[in-house]
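Chemist:
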Amino acid sequence: MECRVLSIQSHVVRGYVGNKSATFPLQVLGFEVDSINSVQFSNHTGYDHWKGQVLTAEELKVLYEGIKLNKVNRYDYILTGYSRDTSFLEMVVDIIKELKKANSSLVYVCDPVMGDQGAMYVPENLLPIYKNKVVPLAEILTPNQFEAELLTGRKICTEDDAIKVMDLLHDMGPETVVLTSTDLPSKHGDQFLVALGSQRIRKPDGTITCQKICMDIPKVDAAFVGTGDLFAAMLLAWTYHHPKDLKTACEKTVSAIHHVLKRTITYANEVAGPGNKPSPAQLELRMIQSKADIENPSIVIEAKVL
Amino acid sequence: MECRVLSIQSHVVRGYVGNKSASFPLQVLGFEVDSINSVQFSNHTGYSHWKGQVLTADELHVLYEGIKLNNVHHYDYVLTGYTRDTSFLEMVVDIVQELKRANPNLVYVCDPVLGDHGSMYVPQNLYPVYKNKVVPVADIITPNQFEAELLTGKNISTEKDAVEVMDLLHAMGPDTVVITSSDLPPRLGDRFLVSLGSQRHVRPDGSRTTERVRIEVPKVDAVFVGTGDLFAAMLLAWTHHYPNDLKTACEKTFSVMHHVIQRTISYAHELAGPGRRPSPPQLELRMVQSKADIEDPAIVTEATLIS
Chain D
1 MECRVLSIQS HVVRGYVGNK SATFPLQVLG FEVDSINSVQ FSNHTGYDHW
51 KGQVLTAEEL KVLYEGIKLN KVNRYDYILT GYSRDTSFLE MVVDIIKELK
101 KANSSLVYVC DPVMGDQGAM YVPENLLPIY KNKVVPLAEI LTPNQFEAEL
151 LTGRKICTED DAIKVMDLLH DMGPETVVLT STDLPSKHGD QFLVALGSQR
201 IRKPDGTITC QKICMDIPKV DAAFVGTGDL FAAMLLAWTY HHPKDLKTAC
251 EKTVSAIHHV LKRTITYANE VAGPGNKPSP AQLELRMIQS KADIENPSIV
301 IEAKVL
Chain P
1 MECRVLSIQS HVVRGYVGNK SASFPLQVLG FEVDSINSVQ FSNHTGYSHW
51 KGQVLTADEL HVLYEGIKLN NVHHYDYVLT GYTRDTSFLE MVVDIVQELK
101 RANPNLVYVC DPVLGDHGSM YVPQNLYPVY KNKVVPVADI ITPNQFEAEL
151 LTGKNISTEK DAVEVMDLLH AMGPDTVVIT SSDLPPRLGD RFLVSLGSQR
201 HVRPDGSRTT ERVRIEVPKV DAVFVGTGDL FAAMLLAWTH HYPNDLKTAC
251 EKTFSVMHHV IQRTISYAHE LAGPGRRPSP PQLELRMVQS KADIEDPAIV
301 TEATLIS
């Protein structure tokens with residue numbers, strides 16, 4: 001397998017978010033991962049303290065120039081996630097456009113990180129850039145419900161709304177859209193959350209078909225950080241292996257994450273001790289320990305084709 | 001296995017040197033790797049072009065402060081390699097000393113990168129810092145012959161010289177020394193090169209013993225970058241599993257190197273085409289593809305015990 005990914009995300013010295021969350025799993029699955037670290041922080045910002053440095057848009061450009069000068073700017077995938085800076089995001093867009101000129105089959109996997117549970121947690125001025133410049137370039141998009149609503153200007157109250165929103169997102173660019181979490185009620189009860197996916201495929205005869213799926217995912221009672229980054233990376237991997245089968249790609253992705261989270265919460269509770277709430281440090285994803293589940297995830301959550 | 005390594009090395013966007021070379025192999029072997037990137041470059045400096053940014057000693061200090069403020073500055077190992085800056089190196093020493101206070105069992109694995117084949121390729125003023133400050137706090141060092149000679153002021157022409165040099169290095173601090181490559185004449189012929197190792201143990205009865213080994217490794221006709229970084233990382237891993245058996249630790253480490261290098265050179269020649277010399281991008285280590293060899297290296301190089 002010869003597949004090269006350029007991942008432009010955060011680096012933390014300790015823990016698993018951004019590139020730390022995405023790189024190891026992709027590497028164990030055999031992908032070559034080139035990584036540009038958009039920041040270097042001691043740890044993620046959910047700890048009591050965090051310290052470090054950020055990369056400017058200029059510095060990002062300089063790094064890309066180095067790659068280009070050596071004529072090794074040929075990638076099969078690009079992966080981006082959490083960003084706080086409009087000029088940085090605009091530079092990312094420029095780079096992607098150039099990389100698509102170098103390889104027209106390039107797939108851009110984009111997690112349009114803007115907020116959750118009804119509130120934005122990035123600067124507001126990122127929204128127009130995501131909407132007008134980033135999403136139109138993306139092939140695979142992994143918004144949560146809030147981000148999907150923000151990008152389309154349409155609220156999601158029913159499964160029907162979700163389907164309409166995913167179709168609107170398709171119209172903006174990406175052929176593959178996964179709503180990673182929603183507030184929609186699950187048939188399995190309130191211990192589950194509902195995720196949905198949609199993939200537009202152009203058949204050999206030129207007609208367009210659309211596969212839509214729905215998943216009921218067991219909730220885990222803790223605040224994890226880095227799971228969205230892991231999700232986007234694993235969706236990249238499993239859509240690579242199952243390019244026309246979103247059902248299987250999502251089952252493997254969601255199942256892999258489930259195994260990682262179960263292992264993590266078990267360990268965190270053990271380390272915290274009975275009756276204690278685990279700390280952010282204790283809740284870091286048990287990534288290394290989950291290698292086997294990442295390599296070959298047993299399917300524990302099934303997707304339903306709508 | 002619950003073992004946490006702090007690795008302070010370079011990061012390259014593309015390729016396998018520094019932290020890119022050390023992290024993945026340690027992670028597949030089950031080590032938690034915290035990594036501080038001393039630089040971020042597009043690629044290693046053997047390519048026609050390279051661009052990027054360096055971390056200052058102050059910025060390194062700030063990152064460490066973040067770890068400390070959260071009270072998570074507990075490491076089982078520290079791993080360092082190529083550095084070009086004296087103030088950065090001195091900050092690394094301060095950090096290692098503090099981490100050793102937090103965990104007296106911490107093992108510092110140090111590749112004292114100074115040069116090779118008779119000449120230095122870092123600024124000369126790093127030499128006294130390594131000699132007087134870094135090596136004394138190291139527990140495992142992986143110098144090549146040139147670096148071992150530089151640090152001890154003694155030349156190596158025979159195996160006996162090498163043993164004396166390793167003893168001198170022990171006296172400076174580290175209990176484990178591996179001279180990763182030398183010009184000593186191999187018994188297996190000129191397609192091989194000689195490496196040596198030495199490890200001091202304290203027996204349960206308090207007496208000291210030294211285990212010394214000699215390994216002959218096949219030469220490969222190409223210039224690889226990042227192999228020293230991979231070596232130090234794998235020696236960390238295999239001495240962790242074989243803390244009192246340098247012979248086995250070295251056999252596993254040198255065998256992993258061999259598998260990765262063989263896979264790399266085969267692929268590079270394929271890419272370059274017949275009769276063509278592979279380029280630096282083509283010679284990047286086939287790290288990801290060597291996962292199985294890293295996890296469980298078949299032993300292809302044997303170490304012999306020497307006195």
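Chains as they are written, first to last, in UniProt numbering: chain D, 1 to 306; chain P, 1 to 307. For glycine and all other residues, C-beta sits at the position ideal for the given N, C-alpha and C. Note that the structure is a prediction, hence the values are computed from the model and not measured.
Show which residues of chain P have a CB atom less than 9 Å away from the CB atom of VAL13 (chain D).
Modeler: Simply LEU6, ASP34, SER35, ILE36, ASN37, LEU63, TYR64, GLY66 and ILE67.
Chemist: With distance defined between alpha-carbon atoms, name the residue in D:ILE140, D:THR176, D:PRO174 and D:GLN117 nearest to LEU150 (chain D).
Modeler: D:GLN117
Chemist: How would you label THR266 (chain D), buried or exposed, when you count the other beta carbons within 10 angstroms and need 16 or more for buried?
Modeler: exposed
Chemist: Can you say whether ARG74 (chain D) is buried or exposed, counting buried as having 16 or more other CB atoms within 10 angstroms of its CB?
Modeler: exposed
Chemist: If VAL5 (chain P) sits next to TYR75 (chain P), beta carbons under 8 Å apart, how far is it from one beta carbon to the other, in whole angstroms?
Modeler: 7 Å
Chemist: Please list, in chain order, the chain P residues whose beta carbon lies closer than 7 Å to that of GLN27 (chain D).
Modeler: PHE24 and VAL288
Chemist: What residue from P:LEU126, P:TYR108 and P:LYS100 has the CA that sits closest to THR83 (chain P)'s CA?
Modeler: P:LEU126
Chemist: Less than 8 Å between the beta carbons of CYS110 (chain D) and VAL72 (chain D), yes or no?
Modeler: no
Chemist: May I ask which residues mark the beginning and end of the beta strand (DSSP E) holding ASP161 (chain P)?
Modeler: According to the DSSP assignment, ASP161 (chain P) belongs to no beta strand (DSSP E) but to the alpha helix (DSSP H) extending over 159-172.
Chemist: Classify ILE306 (chain P) as helix, strand or coil using the three-state DSSP reduction.
Modeler: Reduced to three states, the DSSP call for ILE306 (chain P) is strand.
Chemist: Pick helix, strand or coil for GLY15 (chain P), following the three-state DSSP scheme.
Modeler: coil
Chemist: Which one of P:THR180, P:VAL217 and P:ILE141 has the shortest CA to CA distance from PRO186 (chain P)?
Modeler: P:VAL217
Chemist: Between the region 25-37 of chain P and the region 238-250 of chain D, are three or more C-beta pairs nearer than 8 Å?
Modeler: no
Chemist: Could you check what DSSP says for PRO128 (chain P) in three-state terms: helix, strand or coil?
Modeler: helix
Chemist: Under the DSSP definition of a beta bridge, which residues are partnered with GLU211 (chain P)?
Modeler: P:GLN199
Chemist: Hey, could you find the ends of the beta strand (DSSP E) ASP94 (chain P) is sitting in?
Modeler: According to the DSSP assignment, ASP94 (chain P) belongs to no beta strand (DSSP E) but to the alpha helix (DSSP H) extending over 86-102.
Chemist: Could you work out which residue in P:GLN289, P:TYR77 and P:SER38 is closest to VAL62 (chain P) when comparing CA atoms only?
Modeler: P:SER38
Chemist: Label TYR121 (chain P) either buried or exposed according to how many other C-beta atoms from any shown protein chain fall within 10 Å of its C-beta, with 16 as the threshold for buried.
Modeler: exposed
Chemist: DSSP has PRO218 (chain D) in a bridge; who is on the other side?
Modeler: D:PHE192
Chemist: Closest to THR209 (chain D) by C-alpha separation, out of D:LYS252, D:VAL107, D:SER198 and D:CYS157, would be which residue?
Modeler: D:SER198
Chemist: Against chain P, with Cβ distances strictly below 8 Å, would ALA303 (chain D) count as a contact?
Modeler: no
Chemist: Just checking, does the region 209-228 of chain P make contact with the region 279-290 of chain P on the three C-beta pairs under 8 Å criterion?
Modeler: yes
Chemist: Between the alpha carbons of GLY66 (chain D) and SER38 (chain D), how many angstroms are there, rounded?
Modeler: C-alpha separation (whole angstroms): 16 Å.
Chemist: Looking at the structure shown, is GLU32 (chain P) part of a helix, part of a strand, or coil, going by DSSP?
Modeler: strand
Chemist: Check CYS110 (chain P) in the structure and name its three-state DSSP category.
Modeler: strand
Chemist: Measuring alpha carbon to alpha carbon, tell me which residue in P:GLU59, P:GLU159, P:THR56 and P:MET1 is nearest SER182 (chain P).
Modeler: P:GLU159
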